[in-house]
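Input: a single structure, listed below in structure tokens.
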Ligand SMILES: [Mg+2]
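Numbering (this note's numbering), first residue to last: 50 to 390.
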């Protein structure tokens, strides 16, 4: 089995409501879908969304990266292609799209299914967090109440630089929904002082964790927050690779880290991170960007395959779309997810 052709297209899927974080507002999910075809006619698909704010890659950058490595990968077996891909210098999202296409060829080569490839065992439902976008306090409280009323028990609150807004909104949601689990993600919008003010300003037990409050490079600051915090501090933008994870966790600067296919460069790299977490007994969050169905589907297989190390799951992307995509091998019953097969 050798790679014969690599093609791609840009796909846009509409969102129910705009997705707002401290870094951006999105009105649809836009991604590059890559298709890798072999000499025997098998094909594998992969996807990478534009997330300039996190990985530095827009759609044009992802396409340019695919073009850059395309000739090198043609003629390779899926395994050779994966090795060349991960030795290349292209962006992590483009890598992730090509990585999952090659993994899907490996699955075809073994004549197996994704469920068998990932050795899914326990299929009891897992629950994903649901994003409550960054908005005015009343709007966020309203959205949180609506989500909770629809059976979503884990809410991920997105905040911006305004700490007073973050404190007051957290307090309002925590008192309106005392049984909801609240995760908080300001996407690097705060400084050390603001973060400490936030933690002091909310009631004890109001939130389950605080994700990446500081700029990605401020690892020392993150450590200060971790030491002061009564809830787990999760590194997201600060951890792309296994090396990052070892540095951040080794220096005890965070309690957990967030693994995303687009940051680490795909399924094979995510498996390395998950294996590392399992070995070191580190809890992880498995998350995603706003992504297309093929990449979310892979993240879901990883979630079930490594459920023992996953403390938080953040794969609500399909629920934010106007239609549930047919490519997903899992059923979403509100925020509860079960494998179809
Ligand atoms: Mg995050």
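For glycine and all other residues, C-beta sits at the position ideal for the given N, C-alpha and C.
Ligand 1 heavy atom lying under 8 Å from the CB of residue i
i	result
residue 340	no
residue 285	yes
residue 304	no
residue 293	no
residue 236	yes
residue 336	yes
residue 260	yes
residue 267	no
residue 307	yes
Proximity test, Cβ basis, 9 Å: residue i and chain C
i	result
residue 280	Judged by its chain identifiers, the structure shown contains no chain C, having just a single protein chain.
Under 9 Å between C-beta atoms of residue i and residue j
i	j	result
residue 382	residue 200	yes
residue 71	residue 64	no
residue 203	residue 247	no
residue 225	residue 178	no
residue 183	residue 112	no
residue 305	residue 329	no
residue 216	residue 268	no
residue 289	residue 104	yes
residue 110	residue 53	no
residue 171	residue 316	no
residue 180	residue 205	yes
residue 287	residue 266	yes
residue 78	residue 61	yes
residue 150	residue 197	no
residue 271	residue 238	no
residue 243	residue 210	yes
residue 278	residue 146	no
residue 108	residue 55	no
residue 164	residue 390	yes
residue 114	residue 69	no
residue 360	residue 314	no
Rounded distance between the beta-carbons of residue j and residue i, thought under 8 Å
i	j	result
residue 282	residue 274	6 Å
residue 335	residue 379	Contact flag wrong, Cβ pair sits at about 13 Å.
residue 134	residue 118	6 Å
residue 59	residue 83	So it is not a contact: roughly 11 Å between Cβ atoms.
residue 327	residue 355	7 Å
residue 186	residue 218	5 Å
residue 50	residue 154	7 Å
The segment 119-134 in contact with the segment 255-268 per 3-pair CB rule at 8 Å: Short answer: they don't touch.
In chain order, which continuous runs of the beta strand (DSSP E) of length 3 or greater are located wholly inside the segment 172-260? Runs of the beta strand (DSSP E) spanning 3 or more residues and lying entirely within the segment 172-260 occur at 179-181, 203-207, 230-234, 258-260, in chain order.
Is there contact here, the segment 284-303 with the segment 319-336, by at least three beta-carbon pairs under 8 Å? Cβ pair count under 8 Å is three or more, so yes.
Between the segment 83-95 and the segment 363-374, do at least 3 Cβ pairs fall closer than 8 Å? No, the segment 83-95 is not in contact with the segment 363-374.
Give the list of continuous beta strand (DSSP E) stretches no shorter than 3 residues that lie fully inside the segment 256-344. Counting only runs of 3 or more, we get 258-260, 282-284, 305-308, 333-336.
Whether or not the segment 168-188 and the segment 138-145 are in contact is what I'm after, with contact meaning three or more pairs of Cβ atoms, one per stretch, closer than 8 Å; do they touch? No, the segment 138-145 does not touch the segment 168-188.
Would you call the segment 333-349 in contact with the segment 97-107, where contact means no fewer than 3 C-beta pairs closer than 8 Å? By the criterion of at least three beta-carbon pairs nearer than 8 Å, the segment 333-349 is in contact with the segment 97-107.
Is it the case that the segment 247-258 contacts the segment 218-235, given that we only count it when at least three CB pairs across the two stretches are under 8 Å? Cβ pair count under 8 Å is three or more, so yes.
Can you list, in chain order, the stretches of the alpha helix (DSSP H) that have 4 or more residues and sit fully within the segment 61-139? Fully enclosed alpha helix (DSSP H) runs of no fewer than 4 residues occupy 101-104, 108-122, 127-136 of the segment 61-139, in order along the chain.
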